[in-house]
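In what follows, a structure is listed as structure tokens, so that the remarks can point back to it.
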Amino acid sequence: KSFVAPVYINKPISTSNKSKKNFQDSITLGVLGRIHQDRGLDKLVPLVGPIIQTGLRIRVFIAGEGPYMSELQEQIDAAGISDHISFLGHISGEHLDIFWKEIDVLVSLAPSESYGRSIREALLAGVPIWVLPSSGVFELKSLVEGGGGSYINLDLNPSEQISSLRNLLNINISNEIKEKIDAQNEQGIRSLINSWVEFSNRCTDRNKL
Numbered sequence: 139k140s141f142v143a144p145v146y147i148n149k150p151i152s153t154s155n156k157s158k159k160n161f162q163d164s165i166t167l168g169v170l171g172r173i174h175q176d177r178g179l180d181k182l183v184p185l186v187g188p189i190i191q192t193g194l195r196i197r198v199f200i201a202g203e204g205p206y207m208s209e210l211q212e213q214i215d216a217a218g219i220s221d222h223i224s225f226l227g228h229i230s231g232e233h234l235d236i237f238w239k240e241i242d243v244l245v246s247l248a249p250s251e252s253y254g255r256s257i258r259e260a261l262l263a264g265v266p267i268w269v270l271p272s273s274g275v276f277e278l279k280s281l282v283e284g285g286g287g288s289y290i291n292l293d294l295n296p297s298e299q300i301s302s303l304r305n306l307l308n309i310n311i312s313n314e315i316k317e318k319i320d321a322q323n324e325q326g327i328r329s330l331i332n333s334w335v336e337f338s339n340r341c342t343d344r345n346k347l
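In our numbering, the protein residues as written are 139 to 347.
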């Protein structure tokens, strides 16, 4: 027999809603996770490059490490947008909390997502999500469509992508969404602990025989 529980999410220190930004201000997009091609990062430059080239003031912070980093950097350099994109390396703890405070939108391009941990962490931190539809995202459909963010359509032209960003900047993550994620988080750890207790009891019973 086996039991599967999602990885426990460490709640951000600050979970307050972000103040709305003026669209004329610089917009900061965040990418968090392994820097692997299977995370859909080959689509990052085609997504943000044309938007940056319209003259919109955009920064992109990429947090994580992985073997695709050098190839991604080459794509960024070739597109002439290296001044707009920064690699932060692996971050955790207080540095992760700073990351949530500094970005306006989390971008997730993973074509398949078993759970969507970073998506949930972003919503708990009050950061709207801009996500490519995937299995993990569909599990969060009620959270996304309930006001947590929107789906990425790679076929849209730059002006339409900018319109999507404009809408995202007007989002405030509701307490209801945060409470749903928190409840799922607590249920997962309780189920895991209960499975350990049950296994321990079975082992104890067998030893008595």
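The beta-carbon is built from N, C-alpha and C at its ideal position, and this holds for glycine as well.
None of these values were measured; they are calculated from a predicted model.
Run of the beta strand (DSSP E) containing residue i, from where it starts to where it stops
i, result
"GLY287", "287-289"
"GLY168", "165-170"
8 Å contact criterion, which residue i and residue j should meet: CB distance rounded
i, j, result
"VAL169", "ALA201", "7 Å"
"GLY286", "ILE315", "5 Å"
"GLN213", "VAL183", "4 Å"
"SER272", "PRO249", "6 Å"
"ILE147", "ASN323", "5 Å"
"VAL269", "VAL243", "About 10 Å separates the two Cβ atoms, so there is no contact after all."
"LYS206", "LEU179", "Checking the sequence, you will find Tyr at residue 206 rather than Lys. At roughly 6 Å, the Cβ-Cβ gap stays under 8 Å, so TYR206 and LEU179 are in contact."
"ILE267", "LEU185", "Contact doesn't hold; Cβ gap of about 14 Å is too wide."
"HIS222", "ARG197", "6 Å"
The alpha helix (DSSP H) enclosing residue i, as first and last residue numbers
i, result
"ARG177", "Counting along the chain, ARG177 falls outside any alpha helix (DSSP H), and DSSP gives it neither H nor E."
"ASN305", "296-307"
Per-residue burial, residue i [other beta carbons within 10 Å of its own, 16 or more giving buried]
i, result
"ARG195", "exposed"
"ARG340", "exposed"
"ALA321", "exposed"
"LEU247", "buried"
"SER220", "exposed"
"LEU292", "exposed"
"ALA216", "exposed"
"PHE237", "buried"
Residue-level contact to chain D via CB, residue i, 9 Å cutoff
i, result
"LYS181", "The displayed structure is made up of one protein chain only, and chain D is not part of it."
| request: List in chain order: all unbroken beta strand (DSSP E) runs of 3+ residues lying wholly within the segment 193-269. | output: Runs of the beta strand (DSSP E) inside the segment 193-269: 196-201, 223-227, 243-246, 267-269.
| said: I want to know whether the segment 253-261 touches the segment 301-308 - three or more CB-CB distances under 8 Å. | reply: No, the segment 253-261 does not touch the segment 301-308.
| Are at least three pairs of beta-carbons, each pair with one atom in the segment 190-201 and one in the segment 218-226, less than 8 Å apart? | For the pair of segments examined, the segment 190-201 was found to touch the segment 218-226: the number of CB pairs separated by less than 8 Å reaches three.
| task | Examine the Cβ distances between the segment 289-305 and the segment 183-194 and report whether three or more of them are shorter than 8 Å. | result | Touching, per the Cβ criterion.
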